[in-house]
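Numbering (full-length UniProt numbering), first residue to last: 1 to 258. Don't be surprised by glycine CBs; every beta carbon is placed ideally from N, CA and C. Written out below as structure tokens is the structure these notes cover.
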């Protein structure tokens, strides 16, 4: 009696499926071929050969390049830029600092008996600030840090003298606070010299007080003279103005000595 065998279906590459069944006797009975369509994805990107490339308009590109390279206005010239920098004023002049004027004012104060008050009609604070720093540096070399004390005393002294002179002058006075700061600062120059002398030649006792008195009288003389001529125009109140000036510069001399 012949046996029956069941052969599994064979999958072909083309997607067809062949199923063969054998009948009794060993021979194939039927052959069923079923063609199946392979499902495709819902979206497939196009082939590389079909990708569109960007195209450039050479004419428009050249026109835009020529427009950029040749504008309607001329390019800036380097010589004009250099001339504009050469026309700039110096830095000290922009800051309103005149070393020549500072030296002229200082030289006019070296002789307390011949003072040129016309130089101080144009006030400035660059020279006084230089004297403040010089006095502070000399005190620092002597082992005393007094920058804040010097600036504070100068401010209070200037405001005090400004108030006193305005009370004396009344409506006829023409002294402003800025000019008062300038005059008091420039007249601090003898005290700065005294500080330098005491740093290199430390004199104590009665000789030290005598040397300090010389510099205090020097500073008092030039400060009172300048303030009176700037505030009143006459020397009628010279004695009244000299007294507060003497007190102020005496305090600075004591600061240097002690």
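Can you check whether the CB of residue 252 is closer than 9 Å to the CB of residue 135? For this step, residue 135 is matched to residue 135 along the chain shown. For this step, residue 252 is matched to residue 252 along the chain shown. Cβ distance < 9 Å, so residue 135 and residue 252 count as in contact.
Starting from the N-terminal side, write out each stretch of the alpha helix (DSSP H) that is 4 residues or longer and does not extend beyond the UniProt domain "Yip1" (108-254). When DSSP assignments are scanned along the UniProt domain "Yip1" (108-254), the uninterrupted stretches of alpha helix (DSSP H) that are 4 or more residues long and fall wholly within it turn out to be 126-141, 147-169, 177-186, 189-200 and 205-231.
Separation of residue 128 from residue 236, as counted between CA atoms: The residue labelled residue 236 in the question sits at position 236 within the chain shown. The residue labelled residue 128 in the question sits at position 128 within the chain shown. When rounded, the distance between both Cα atoms is 27 Å.
Rounded Cβ spacing between residue 124 and residue 93 (contact assumed at less than 8 Å): Sequence index remark: in the chain shown, residue 124 carries index 124 (1-based). Sequence index remark: in the chain shown, residue 93 carries index 93 (1-based). With a contact defined as Cβ atoms closer than 8 Å, residue 124 and residue 93 miss out at about 13 Å.
Tell me whether residue 213, by its Cβ, gets closer than 8 Å to a heavy atom of the ligand HEM. Ligands displayed in this structure: none; no statement on the ligand HEM is therefore possible.
Assign residue 218 to buried or exposed, taking buried as 16 or more other Cβ atoms, counted over all protein chains shown, within 10 Å of its Cβ. Taking the chain shown and counting its residues from 1, one reaches residue 218 at position 218. With 16 or more Cβ atoms within 10 Å of its Cβ, residue 218 is classed as buried.
On the premise that residue 120 lies in contact with residue 226, defined as a C-beta separation below 8 Å, what is that separation, rounded to the nearest angstrom? Position 226 of the chain shown, counting from 1, holds the residue named residue 226. Position 120 of the chain shown, counting from 1, holds the residue named residue 120. Yes, residue 226 and residue 120 are in contact; Cβ-Cβ is about 6 Å, under 8 Å.
Sorted by chain position, which residues of the same chain lie with C-beta nearer than 8 Å to residue 258's C-beta, five sequence neighbours on each side aside? Here the question's residue 258 lines up with position 258 in the chain shown. Nothing listed; no residue qualifies.
Beta-carbon proximity list for residue 184, same chain, < 7 Å, skipping 5 on both sides: Residue 184 sits at position 184 when you count from the first residue of the chain shown. Correct list, in chain order: 154, 157, 158, 161 and 223.
Just reading off the alpha helix (DSSP H) that residue 88 is part of, what are its end residues? If you number the chain shown from 1, residue 88 lands on position 88. According to the DSSP assignment, residue 88 belongs to no alpha helix (DSSP H), since it is labelled neither H nor E.
For residue 102, the three-state DSSP class (helix, strand or coil): The residue given as residue 102 occupies position 102 in the chain shown. Reduced to three states, the DSSP call for residue 102 is helix.
Indicate whether residue 101 and residue 122 have their beta-carbon atoms separated by less than 9 Å. As a working note, residue 101 is residue 101 in the chain shown. As a working note, residue 122 is residue 122 in the chain shown. In this structure, residue 122 lies closer than 9 Å to residue 101 by Cβ.
Classification of residue 241 by the beta-carbon crowding that lies within 10 angstroms, buried from 16 upward: Residue numbering aside, residue 241 sits at position 241 when the chain shown is read from its first letter. It counts as buried.
Quick check: what's the CA-CA separation for residue 259 versus residue 212? Because the chain is modelled from 1 through 258, residue 259 falls outside the range shown and cannot be assessed.
Consult DSSP for residue 94 and reduce its assignment to one of helix, strand or coil. The residue you call residue 94 lines up with position 94 of the chain shown. If DSSP states are grouped into helix, strand and coil, residue 94 belongs with the helices.
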